[in-house]
Amino acid sequence: MQKKKPNILEHELVPKHEILSPEEAAELLRKLKINPAQLPWITIDDPVVKAIGAKPGDIIRIIRKSPTAGEFIAYRYVVVDTLQPRKKEA
28 MQKKKPNILE HELVPKHEIL SPEEAAELLR KLKINPAQLP WITIDDPVVK AIGAKPGDII
88 RIIRKSPTAG EFIAYRYVVV DTLQPRKKEA
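In structure tokens:
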């Protein structure tokens, strides 16, 4: 009998993760005046990245609860490996 894997997305310590649509990603990058590689990185090996089905090149929104700010939003750029060289994008 095979054991059922727990859903890490339901754990109380794992904040909400969402993959941005191409339109949302473009708007974010335009607003911040940056290219995707300038965002903090997260690898495809990350358990949450696997769980939500993100692919290299996706941008993920992470929504954390904060006792002082109420809610804190962070963004991560999905990469294959953090050792890959950063590409210079125009």
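Quick note, the sequence shown lines up with residues 28 to 117 if you use this note's numbering.
Ideal Cβ positions, reconstructed from N, Cα and C, are used throughout, including at glycine.
Exercise for review: Put residue 86 into one of helix, strand or coil per three-state DSSP.
Suggested key: As a working mapping, residue 86 is identified with position 59 in the sequence shown. Correct three-state label for residue 86: strand.
Point to revise | Residue(s) in a DSSP beta bridge with residue 101 | key: Sequence index remark: in the sequence shown, residue 101 carries index 74 (1-based). In DSSP, residue 101 forms a bridge with 89.
Review point. First and last residue of the beta strand (DSSP E) that includes residue 45?
Key: The sequence position of residue 45 within the sequence shown is 18, counting from 1. First-last of the beta strand (DSSP E) with residue 45: 43-46.
Review point. Who are the near neighbours of residue 70 in its chain, counting only those whose CB is closer than 8 Å to its CB and skipping five residues on each side?
Key: Here residue 70 refers to the residue found at position 43 when the sequence shown is read from its first residue. For residue 70, where only same-chain residues beyond five positions count, the Cβ hits under 8 Å are 76, 105, 106, 107, 108 and 109.
Review point. Nearest-angstrom Cα distance between residue 95 and residue 101?
Key: Within the sequence shown, numbered from 1, the residue matching residue 95 stands at position 68. Within the sequence shown, numbered from 1, the residue matching residue 101 stands at position 74. Approximately 16 Å, taken between the alpha carbons.
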